[in-house]
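Below is one structure, written out as structure tokens; the observations come after it.
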Amino acid sequence: MASAQDVQVLAVSLKVAGLAVGVALPVALAAAYALSRPAFPGKSVLDALVHLPLVLPPVLIGFLLLLALGRRGPVGAWLDETFGVRLAFTTEGAACATAVMVFPLLVRSMRLSFEALDGRLLEAAALLRAGPFDRFWSVALPLAGPGVLAGAATAFAAGLGEFGAVMTFAANVPGETQTLPLAIYAALQTPSGEARALSLAGYSFALALAGLAVGEALNAWARRRLDR
Amino acid sequence: MIAVAARVRRKGFTLDVAFEAPAGVTALFGPSGAGKSLLLAAIAGLVRLEAGRVVLAGRTLEACEAGLRIPPHQRGVGLVFQDARLFPHLSVRANLAYAERRAPPDARRPGLAEIAARFDLAALLDRPVRNLSGGERSRVALARALLSAPDLLLLDEPFAALDGARRRRFLAALAALHTDFALPMLIVTHQIEDVAALAGHVVGLQAGRVVAAGPVREACASAAFQALLDPRDQGAAYPARGGASGAGGLAWVRADHVLLARARPEGLSAQNIWAGTVASVAGEPDGSVMVRLGTAQGPVLARVTAEAASRLALAPGVEAWAVVKAHAL
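Top line first, the protein sequences correspond to chains A and B.
Per the numbering used here, residue 1 is the first one in the first sequence, and the count goes up by one each step.
Per the numbering used here, residue 1 is the first one in the second sequence, and the count goes up by one each step.
Put into structure tokens, the structure is as follows:
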């Protein structure tokens, strides 16, 4: 049976990954759709920007977030004064760091679904008087929808395992920011903590597998949907 | 009335055309690779003009020198694509409703049910589009385009997937559309019979240029237009019996099916015997001779052997009778 501690760790992990994907999804959707369209000014800059979190060390991402969103950072101070929101060392902060890390994963998988979309259908929609936003909502998103969800499921599974950026920006606070990988790390730091680390690793493994399975099922749906 | 002057450059191909067409049905005719589909895409706004302008019924859709370009969704131009382009995530009914919902509210037009009945789609409405046959797709695509109430309808070889009786029904439905809704149409086709049956006006294209344009009977009889045709298809358009077979009301008769006589023929089974004057006599690459005759019924084209041409002493200015043996006239 899972101990109360384990349940807490699982709850924090699911909440952090869920919030992260929820926050990153709309932005990733817009970026992916833009990148799937024919060349426009600034496309390569946007493409590079999207991929930054994939190539920068996660610890650096956490550090940059701390500089910007920490209580003394320009954005963090403003958030604190205006809304009383503090991100550093909170669940929301951990979600924020995770969102940045899963962002490129989301964009890449969604971009693939938008690119697999037949652009000629968007032309047909335009000639039925559908404007650019109308075309996105009525044709592009419904057709790419399953692929978008598959990307979100994969990003959720990856978000459960985010370590470096969360550790740096949100620290390892049990019940607040201590997600599965952070709890495993903490367990390994304590003498005779291997048993707990092993049981946590089991949950981590099961969740990751479940995330991949859901993603794969959605991908199969996406392929059927785009198959004309 | 549509006026187009368009230059579009593609890899190894330049479309450079200028023509005007009245508000009726105009056929764009030419061999494949002539730029017909590209021209439709340019009028619809799917490809950007390098130079030129498109004016539809006094409304400028694109004018390069003025930097004006109305995007496709605001042009009021419908396009029936050769590949139908139905939305695969929607049923037939939802495809049609997609267009109807986005039509301007003030457009007086038939509704979904009426259009579905007209194109024999009632039984298909709740089917997903992936199970439709090619001909069914064409009909749904046409119905969908009409439901968006366009000011100009472009059709890119709409008959490609149809044959036999269905094709004739589709042709009749298209012709009826024009008469019932006064909807200007621009139809791409490479079937000369369709040009005669449907169109009042024709634009002949070859290698991105207009080689002949004008009212169907006159433009089609020109030597430049005949050069676009397969030699077997060369001929002329004549008023069809009753004028009811299409909006064009014409039937195409191959020059091979026209006999020439120097004296009024008697006792023939053929009904169409017209007197005229030879306008030109031209030798063809295959050794035959194409004789152009001006008659009170319009231009007539007859193909005879070189031997017959010299035996009858056919030359410009001589009088001759044309016997047009065609059931459709």
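Glycine is no exception: its CB is placed at the ideal position from the N, C-alpha and C atoms.
Owing to the predicted nature of the structure, the values given are computational and were not obtained by experimental measurement.
Under 8 Å, Cβ to Cβ, is there at least one residue of chain A near residue i?
{"i": "R85(B)", "result": "yes"}
{"i": "F119(B)", "result": "no"}
{"i": "V92(B)", "result": "no"}
{"i": "A99(B)", "result": "yes"}
{"i": "R292(B)", "result": "no"}
{"i": "G246(B)", "result": "Bear in mind that a pLDDT of 49 at G246(B), under 50, signals an unreliable position, so the model cannot answer this."}
{"i": "R109(B)", "result": "no"}
{"i": "R9(B)", "result": "no"}
{"i": "R144(B)", "result": "yes"}
{"i": "H89(B)", "result": "yes"}
{"i": "R59(B)", "result": "no"}
{"i": "G243(B)", "result": "Bear in mind that a pLDDT of 49 at G243(B), under 50, signals an unreliable position, so the model cannot answer this."}
{"i": "R102(B)", "result": "yes"}
{"i": "S269(B)", "result": "no"}
{"i": "S148(B)", "result": "yes"}
Which residues bound the beta strand (DSSP E) around residue i?
{"i": "R292(B)", "result": "288-295"}
{"i": "L56(B)", "result": "51-56"}
{"i": "R202(B)", "result": "Position check: residue 202(B) holds Val in this sequence, whereas Arg was assumed. First-last of the beta strand (DSSP E) with V202(B): 201-206."}
{"i": "A63(B)", "result": "59-63"}
{"i": "T14(B)", "result": "13-21"}
{"i": "A237(B)", "result": "235-239"}
How is the alpha helix (DSSP H) around residue i delimited, first residue to last?
{"i": "E157(B)", "result": "No alpha helix (DSSP H) contains E157(B), which DSSP labels as neither H nor E."}
{"i": "I187(B)", "result": "Taken as a continuous stretch (DSSP letters only), I187(B) belongs to no alpha helix (DSSP H), being part of the beta strand (DSSP E) at 185-189."}
{"i": "I184(A)", "result": "180-189"}
{"i": "E114(B)", "result": "112-118"}
{"i": "R9(B)", "result": "Premise fails: R9(B) lies in the beta strand (DSSP E), 2-10, not in any alpha helix (DSSP H)."}
{"i": "T91(A)", "result": "91-116"}
{"i": "R418(B)", "result": "Lying before the first or after the last residue shown, residue 418(B) is absent from chain B, which here runs from 1 to 329."}
{"i": "T168(A)", "result": "164-170"}
{"i": "S44(A)", "result": "43-55"}
{"i": "P146(A)", "result": "141-159"}
{"i": "N95(B)", "result": "92-102"}
{"i": "R144(B)", "result": "134-147"}
{"i": "W78(A)", "result": "74-83"}
{"i": "D134(A)", "result": "132-135"}
{"i": "F225(B)", "result": "223-226"}
{"i": "L40(B)", "result": "36-44"}
{"i": "V16(A)", "result": "4-36"}
{"i": "F40(A)", "result": "Element bounds for F40(A): n/a, residue is neither H nor E."}
{"i": "S138(A)", "result": "Taken as a continuous stretch (DSSP letters only), S138(A) belongs to no alpha helix (DSSP H), as it is neither H nor E."}
{"i": "E123(A)", "result": "119-126"}
{"i": "A309(B)", "result": "306-311"}
{"i": "A68(A)", "result": "58-69"}
Hey, residue i and residue j are a contact pair by Cβ (cut 8 Å); roughly how many whole angstroms apart?
{"i": "R209(B)", "j": "D83(B)", "result": "So it is not a contact: roughly 26 Å between Cβ atoms."}
{"i": "A183(A)", "j": "A94(A)", "result": "In fact, because the Cβ distance is near 12 Å, the residues do not count as touching under 8 Å."}
Let me check one thing: in DSSP terms, what residues is residue i bridge-paired to?
{"i": "V324(B)", "result": "V258(B), N272(B)"}
{"i": "L301(B)", "result": "R292(B)"}
{"i": "F29(B)", "result": "T189(B), G204(B)"}
{"i": "G78(B)", "result": "L153(B)"}
{"i": "V210(B)", "result": "L205(B)"}
{"i": "E319(B)", "result": "T277(B)"}
{"i": "G283(B)", "result": "V289(B)"}
{"i": "L68(B)", "result": "A63(B)"}
{"i": "P128(B)", "result": "S91(B)"}
{"i": "L250(B)", "result": "P239(B)"}
{"i": "P215(B)", "result": "H201(B)"}
Does chain B have any CB closer than 8 Å to the CB of residue i?
{"i": "L121(A)", "result": "yes"}
{"i": "R238(A)", "result": "Nothing about residue 238(A) can be read from this structure; chain A reaches only from 1 to 228."}
{"i": "N219(A)", "result": "no"}
{"i": "R228(A)", "result": "For R228(A), the predicted model reports a pLDDT of 45, less than 50, meaning its position is unreliable and no value from the coordinates is stated."}
Check whether the Cβ of residue i lies closer than 7 Å to any heavy atom of the ligand FAD, and answer yes or no.
{"i": "A66(B)", "result": "Questions concerning the ligand FAD fall outside what the structure shown contains, since it holds no ligand whatsoever."}
If you measure from the beta carbon of residue i to each beta carbon in chain C, is any gap under 8 Å?
{"i": "R69(B)", "result": "The structure shown contains no chain C; the protein chains it does contain are A and B."}
Practice task
May I ask you to list, following chain order, the residues of the stretch 30-54 of chain B that have a beta carbon less than 7 Å from some beta carbon of chain A?
Solution key: A44, L46
Problem - chain B contacts made by the stretch 123-144 of chain A, where a contact means CB separation under 9 Å - result: E123, A124, A125, A126, L127, L128, R129, A130, G131, P132, D134, R135, S138, V139, P142, L143
Problem - Residues of the stretch 68-82 of chain B with Cβ closer than 7 Å to any Cβ of chain A, in chain order - result: P72, H73, V77, G78, L79, F81
Handout entry: Short-range partners of chain A found in the stretch 121-139 of chain B, where Cβ spacing is below 8 Å
Key = R130
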